[in-house]
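What follows is one structure encoded as structure tokens, with my remarks underneath.
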Amino acid sequence: MVYKEVQCPSCKEIIPVSGVPGEIKKISCPRCNKVGKVTFANTVPLQDDAIMVSGLRKEYGDLVAVNDISFTVRRGEVFAFLGPNGAGKTTTVEMIESIRKPTSGTIKLLGNDIRSSFDKVKERIGILPQEFHSFERLTVIETLQYFSILFQKKADIEDILDAMDLQHVRNKLYKELSGGLKQRVGVAISLVNDPDIVFLDEPTTGLDPKARREVWEVIKTLKAKGKTVFLTTHYMEEAEFLADHIAIIHKGKIIAEGTLEDLIQTFGHGSILHLRRCNNKQIGNILKEEGFNIMNQQNGNISISIDYTDKILDILSILRHEAIEYQSIDIHRPNLEEIFLHLTGAKLQGDNT
Amino acid sequence: MNLRFIAHDFKANLKQWGRSKGTVFWTILFPILLILIFGSIYSDTGDVRYSLCIQDLDDSTHSQSFLGILQNVSLLEIKELDSDVNITEYIQEHDISTALRIPLGFGSKIDQSFINQDTTAEIIYYFDPSQQTTTSIVQTILSSILQEYNLAVTGGRTVVVLSDSATVSEDFEFIDFFIPGMIGFTIMTSCIYGSIERNTKYRKDGILRKMLTMPVSRTEWIFAKMLFMLFLSFLSTAVILSFGFFVWGLSIHLNIFIFIIIIATSFLFSGIGMIIGRFVKEEETADMAGGAITFPMMFLAGTFFPLEQMPGYLQSIAQILPLYYVNESLRNAMIFNNLDKTLFFTGAVILFACVFFIIGAVVTKWKED
Chain A
299 MVYKEVQCPS CKEIIPVSGV PGEIKKISCP RCNKVGKVTF ANTVPLQDDA
349 IMVSGLRKEY GDLVAVNDIS FTVRRGEVFA FLGPNGAGKT TTVEMIESIR
399 KPTSGTIKLL GNDIRSSFDK VKERIGILPQ EFHSFERLTV IETLQYFSIL
449 FQKKADIEDI LDAMDLQHVR NKLYKELSGG LKQRVGVAIS LVNDPDIVFL
499 DEPTTGLDPK ARREVWEVIK TLKAKGKTVF LTTHYMEEAE FLADHIAIIH
549 KGKIIAEGTL EDLIQTFGHG SILHLRRCNN KQIGNILKEE GFNIMNQQNG
599 NISISIDYTD KILDILSILR HEAIEYQSID IHRPNLEEIF LHLTGAKLQG
649 DNT
Chain B
12 MNLRFIAHDF KANLKQWGRS KGTVFWTILF PILLILIFGS IYSDTGDVRY
62 SLCIQDLDDS THSQSFLGIL QNVSLLEIKE LDSDVNITEY IQEHDISTAL
112 RIPLGFGSKI DQSFINQDTT AEIIYYFDPS QQTTTSIVQT ILSSILQEYN
162 LAVTGGRTVV VLSDSATVSE DFEFIDFFIP GMIGFTIMTS CIYGSIERNT
212 KYRKDGILRK MLTMPVSRTE WIFAKMLFML FLSFLSTAVI LSFGFFVWGL
262 SIHLNIFIFI IIIATSFLFS GIGMIIGRFV KEEETADMAG GAITFPMMFL
312 AGTFFPLEQM PGYLQSIAQI LPLYYVNESL RNAMIFNNLD KTLFFTGAVI
362 LFACVFFIIG AVVTKWKED
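Protein chains in written order, with my numbering: chain A, 299 to 651; chain B, 12 to 380.
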């Protein structure tokens with residue numbers, strides 16, 4: 299028996315339900331009486347690989363866009379492929395989706411080598427391409443029906459509309475939807491065949507924070523349904539919030555891979571201390587001379603990597619000794635942005651993000 | 012072949028087309044608007060015939076024979092002037108564009124030319140320079156008749172050709188000429204721009220990439236889209252013909268060639284659109300490229316005006332344009348009812364269609380490099 303909580307799409311009431319894996323259960327909201335269906339995902343053994351990439355390489359003339367990368371995505375997990383623009387994320391995912399031809403390497407989806415069996419796998423994957431826009435003058439429901447007709451295996455479109463919270467716009471034309479809703483429709487399209495693996499290529503790029511959050515909730519729903527999600531993104535918060543497993547790609551190479559915790563443990567080096575608006579611009583040099591690792595320094599703001607918490611007291615005593623004043627101080631665990639900065643010396647995302 | 016997808020795609024295309032006011036306008040209303048405008052402008056002109064005043068001062072067997080030939084040319088409306096009329100004054104007073112004088116001694120000079128080959132018989136052509144189009148057309152007609160007349164008289168070839176070469180029937184009106192051109196033009200624009208949209212906008216929007224990862228083949232996709240383009244071509248043809256028939260009393264011959272030409276034309280211009288869409292990747296640039304191809308073709312291929320009204324070099328250019336063959340095949344099939352020419356021009360359209368559509372289908376790629 300599986301227990302879960304679902305949210306009523308109408309009144310947002312949280313409803314506890316139970317069922318067996320694979321069961322589709324009809325429930326009604328105790329508050330507003332809206333009737334809906336809840337799907338209990340088939341449990342899949344996590345040891346099975348959904349995606350296996352080995353020695354993947356893509357060259358364009360002299361340019362190596364993807365440089366012999368290898369990784370594995372397990373069934374049922376959200377795998378974030380994180381990297382800055384131009385790192386090789388989309389080239390990689392499009393090779394996995396068989397849109398681009400690799401120069402060399404092996405790709406297996408659900409145990410099938412895509413070079414020989416991609417047609418077989420097509421029925422079992424769902425894809426949201428980068429910057430995808432559907433047919434402008436079809437309604438949401440017509441769009442889902444259009445794509446659904448192609449597949450042998452079909453998901454219940456009403457269920458998808460419920461899960462993606464699209465019922466209220468089902469008869470609206472695609473062109474009339476907001477950016478966030480369009481992306482939700484894009485994700486919904488990728489679910490019309492009830493796929494085992496869902497590829498989402500930068501699904502939140504260009505969306506405002508609210509719309510981005512909405513898409514994140516959708517991705518969480520996919521995970522709750524037991525789907526394997528391959529997510530490419532350059533937003534570290536997205537990877538931190540959603541991913542079970544993260545691979546960081548930079549200049550065509552995977553530079554770090556693991557769970558968020560693994561990455562922080564391996565590359566995070568303790569904690570980060572931030573000082574804001576120091577009145578002495580020489581603070582960086584002073585701390586450097588004292589043997590501290592300065593991660594970033596700009597306009598009186600400084601980030602210092604510290605291995606042990608007692609180092610904090612050392613820094614504070616230096617500040618007092620040098621009579622340096624500052625506006626605020628905070629200490630936190632390194633995030634992916636700082637790990638990326640540490641590994642590459644470059645920022646993961648632009649200032650506007 | 013996934014026929015369910017093809018049927019579903021057709022339905023989806025129909026819905027999208029019907030919901031796009033702009034597309035409906037360009038496919039259906041714009042041609043009607045053009046027919047209305049051009050039909051109104053030229054409806055008063057009646058038959059396409061050019062007036063020509065002739066003054067025969069010679070009145071010999073040869074001049075009468077030549078006059079007889081001119082009278083048989085359906086494009087010319089001959090008015091004979093008395094020999095005592097001052098032809099230049101008459102032209103000015105009666106606002107006449109073209110006149111011809113056969114001088115005294117015309118016949119005897121022709122007879123002399125059999126003895127002395129250097130002897131020439133002169134015919135004087137009077138024209139109003141301000142009416143350049145009409146006068147140049149009449150001049151072209153006269154030159155052509157004279158050439159054949161000379162050949163006949165000197166025994167070079169059989170002459171009596173004017174009635175055969177006068178392909179335009181007596182009751183031919185501008186609207187009869189214009190409607191086939193309008194059909195060709197409408198199919199051309201809807202197919203070229205339709206293909207461009209599919210190949211540039213759908214590529215930019217990721218729809219082609221999406222399709223590549225779905226269980227549908229490129230052939231099924233192209234077939235589905237072509238089915239809809241054929242439907243649009245027949246729909247706009249039916250609307251144009253109905254409008255022409257009910258509003259302008261269009262008189263045409265309906266035959267199987269019209270169907271063949273419309274199908275071939277749809278494939279021909281869809282193929283051109285696919286080629287543009289393949290090599291010009293930006294949506295706006297592709298639209299401009301489409302315009303750069305359709306606009307000159309529209310004006311140079313005899314859509315709105317008879318090709319004969321254009322200068323010789325433009326007529327030569329027209330003969331390398333696919334739309335010229337579409338227009339000529341439709342006119343020969345629908346109006347002139349000339350089987351030989353219909354076969355020739357239809358064959359040319361089918362050939363163009365095969366070449367351009369095959370190239371278009373081959374170069375259209377879903378996969379990225």
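For every residue, glycine included, the Cβ atom is placed at its ideal position computed from N, Cα and C.
Own chain partners of A/G353 with C-beta closer than 7 Å, once the 5 adjacent residues on each side are dropped: D366, S368, S402, G403 and T404
What residue range does the alpha helix (DSSP H) around A/E555 cover? Here A/E555 belongs to no alpha helix (DSSP H); instead the beta strand (DSSP E) covers K551 to G556.
Counting beta carbon pairs with one atom in the stretch 73–89 of chain B and one in the stretch 30–40 of chain B, are three or more of them shorter than 8 Å? no
Against chain B, with Cβ distances strictly below 8 Å, would A/T390 count as a contact? no
Roughly how many angstroms separate the alpha carbons of B/S108 and B/P114, rounded to a whole number? 19 Å
Please report the distance separating the alpha-carbon of A/I425 from that of A/I584. 52 Å
Does A/V376 come out as helix, strand or coil in the three-state DSSP assignment? strand
Less than 8 Å between CB atoms is the rule here; does B/V373 satisfy it with respect to chain A? no
Taking its Cβ as the centre, do 16 or more other Cβ atoms sit within 10 Å of B/Y335, making it buried, or is it exposed? buried
Specify, as a first and last residue, the run of the alpha helix (DSSP H) that A/F630 falls within. According to the sequence displayed, residue 630 of chain A carries His and not Phe. It is not in any alpha helix (DSSP H) - A/H630 instead sits in the beta strand (DSSP E) that spans S626 to H630.
Whole-angstrom distance between B/S85 and B/I190, CA atom to CA atom: 21 Å
Under 8 Å between the Cβ atoms of A/C330 and A/I313? no
By the criterion of Cβ-Cβ separation under 7 Å, what are the contact partners of B/K221 in chain A? I425, P427 and F430
Which chain B residues sit within Cβ distance under 8 Å of A/F369? Chain B residues near A/F369: none, gap ~20 Å exceeds 8 Å.
Identify every run of the alpha helix (DSSP H) within the stretch 300–341 of chain B, keeping only runs that are complete inside it and at least 4 residues long; order them along the chain. 323–329
Is B/K366 close to chain A? Criterion is C-beta to C-beta, closer than 8 Å. Residue identity check: residue 366 of chain B is Val in the sequence provided, not Lys. Not one chain A Cβ lies under 8 Å of B/V366.
Between A/E588 and the rest of its own chain, which residues show a CB-CB distance below 7 Å, the 5 nearest in sequence each way excluded? I616
Would you mind telling me which residues of chain A sit closer than 7 Å to B/R214, beta carbon to beta carbon, in chain order? Within chain A, no residue comes near B/R214; the closest Cβ sits about 11 Å away, beyond 7 Å.
Under a CB-based cut-off of 8 Å, is B/K26 close to chain A? yes
Closer than 8 Å to chain B by CB, A/I421: Note that residue 421 of chain A is Glu in the sequence shown here, rather than Ile. Answer yes: the Cβ-Cβ gap between A/E421 and chain B drops below 8 Å somewhere.
Step through the CB atoms of chain B and report whether any lies within less than 8 Å of the CB of A/V342. Confidence at A/V342 is low in this model, with a pLDDT of 48, below 50, so its placement is unreliable and no value can be given for it.
Compute the Euclidean distance between the alpha carbons of B/T375 and B/M222, then round it to the nearest angstrom. 13 Å
Just the C-alpha distance for B/P42 and B/S154, rounded to the nearest angstrom, thanks. 36 Å
Between the CA atoms of A/N410 and A/I547 - distance to the nearest angstrom: 25 Å
How many Å lie between A/A461 and B/L25 at the Cα? 29 Å
Less than 8 Å separating the beta-carbons of B/A344 and B/T353? yes
If I'm right that A/K452 touches A/V490 with Cβ under 8 Å, what's the distance once you round it to whole angstroms? 7 Å
Mind reading off the beta-carbon distance from A/G484 to A/S415? Whole number of angstroms is fine, and I expect it under 8 Å. About 26 Å; that fails the 8 Å criterion.
Indicate whether at least one CB of chain B lies closer than 8 Å to the CB of A/L436. yes
Interface residues of chain B around A/I610 at Cβ under 7 Å? By Cβ distance, chain B contributes nothing, its closest Cβ being about 49 Å from A/I610, past 7 Å.
Cα-Cα separation, A/T557 to A/R372: 12 Å
Segment limits, alpha helix (DSSP H) that includes B/S228: Here B/S228 belongs to no alpha helix (DSSP H), and DSSP marks it neither H nor E.
Runs of beta strand (DSSP E) lying entirely within the stretch 418–493 of chain A, each at least 3 residues, in chain order: 423–426
My parser needs the alpha helix (DSSP H) runs of 4 or more residues fully inside the stretch 577–613 of chain A; what are they? 581–587
Rounded to whole angstroms, what is the Cα-Cα separation between A/K470 and A/T437? 5 Å
Given a cut-off of 8 Å on the beta-carbon distance, is the pair A/L442 and A/I423 in contact? no
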